[in-house]
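Residue numbers (the numbering used here), protein chains in the order written: chain U, 114 to 226; chain A, 6 to 120. For each residue, glycine too, the CB sits at the ideal point set by N, CA and C. One structure below.
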Amino acid sequence: GESVGLHLPTLSVQEGDNSIINCAYSNSASDYFIWYKQESGKGPQFIIDIRSNMDKRQGQRVTVLLNKTVKHLSLQIAATQPGDSAVYFCAEAGGGGADGLTFGKGTHLIIQP
Amino acid sequence: DAGVIQSPRHEVTEMGQEVTLRCKPISGHDYLFWYRQTMMRGLELLIYFNNNVPIDDSGMPEDRFSAKMPNASFSTLKIQPSEPRDSAVYFCASSLVGGARHTIYFGEGSWLTVV
Numbered sequence: 114g115e116s117v118g119l120h121l122p123t124l125s126v127q128e129g130d131n132s133i134i135n136c137a138y139s140n141s142a143s144d145y146f147i148w149y150k151q152e153s154g155k156g157p158q159f160i161i162d163i164r165s166n167m168d169k170r171q172g173q174r175v176t177v178l179l180n181k182t183v184k185h186l187s188l189q190i191a192a193t194q195p196g197d198s199a200v201y202f203c204a205e206a207g208g209g210g211a212d213g214l215t216f217g218k219g220t221h222l223i224i225q226p
Numbered sequence: 006d007a008g009v010i011q012s013p014r015h016e017v018t019e020m021g022q023e024v025t026l027r028c029k030p031i032s033g034h035d036y037l038f039w040y041r042q043t044m045m046r047g048l049e050l051l052i053y054f055n056n057n058v059p060i061d062d063s064g065m066p067e068d069r070f071s072a073k074m075p076n077a078s079f080s081t082l083k084i085q086p087s088e089p090r091d092s093a094v095y096f097c098a099s100s101l102v103g104g105a106r107h108t109i110y111f112g113e114g115s116w117l118t119v120v
């Protein structure tokens, strides 16, 4: 069936470095993608989104890249800070309807001092 | 806005007991979602409502699970009878379809342990 998955379960980076979290999706009908951040004991928080008619979108210290050819999504975090330590999920929605999101398994980002 | 509010935050119950989880969505949002999160399966969509009407409940595990939304500001997820394998974090989320469609805002979750 269709699924959204992550390449790496854990990513460790030095504070101040840039980090890249990757995500693969398989539903070609998906037209909307979101990255969420989940800190320990909390619910997922919206970070940034991108529609399928775009290939790049920038926010504050974060950039999402979408490669529809290979069905790949990435989240780049610039100048990582201790507060960036969390689990990051990509999620996708498709079919044009406002249905629930399908989430990947998550990547745990660890920021080392 | 206070965000999505869930209660209880934590619950420990014995197998066979009824569990009721509650949710107040963000005011004005017309979609409400119930998700379940476990280490093994990640975040799974259980059911979602649009304008208080259940749209898709295909993610509800079995008949022991039921969800209702009697009005725009309240929803419940009920498990009866509960089993140890129901132990998980249950998230309620809401969204407003429009310019920011699909941006779903989550509550802090209800941490359920069935012993």
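Query	Result
Mind listing the chain U neighbours of Ile109 (chain A)? Cutoff is C-beta to C-beta under 7 Å, in chain order.	Leu214
Quick one, which of U:Arg174, U:Gln194, U:Thr182 and U:Ser139 has its alpha-carbon nearest Leu188 (chain U)'s?	U:Arg174
Relative to the C-alpha of Thr176 (chain U), which candidate in U:Pro122, U:Gly129, U:Ile224 and U:Asn135 has its C-alpha closest?	U:Asn135
How would you list, in chain order, the residues of chain A whose beta-carbon sits under 9 Å from the beta-carbon of Lys150 (chain U)?	The contacting residues do not exist; Lys150 (chain U) stays about 11 Å from chain A at best.
Is the beta carbon of Gly172 (chain U) less than 8 Å from the beta carbon of Ile163 (chain U)?	no
Would you call the CB atoms of Arg41 (chain A) and Ala93 (chain A) closer than 8 Å?	yes
Mind checking the segment 151-162 of chain U against chain A and listing, in chain order, the residues whose C-beta falls within less than 9 Å of any C-beta there?	Gln151, Gly154, Lys155, Gly156, Pro157, Gln158, Phe159 and Asp162
Tell me which same chain residues have a C-beta within less than 7 Å of the C-beta of Asp130 (chain U), skipping the five on either side of it?	Thr193
Is the shortest distance between the beta-carbon of Lys181 (chain U) and the beta-carbons of chain A less than 8 Å?	no
How many angstroms separate the CA atom of Glu128 (chain U) from the CA atom of Tyr149 (chain U)?	20 Å
Residues bridged to Asn180 (chain U) by DSSP?	U:His185
Grouping DSSP H, G and I as helix and E and B as strand, with all else coil, what is Val126 (chain U)?	strand
In chain order, what residues of the same chain have a beta carbon less than 7 Å from the beta carbon of Asn55 (chain A), not counting five sequence neighbours either side?	Asp35 and Tyr36
Between the alpha carbons of Leu101 (chain A) and Phe70 (chain A), how many angstroms are there, rounded?	25 Å
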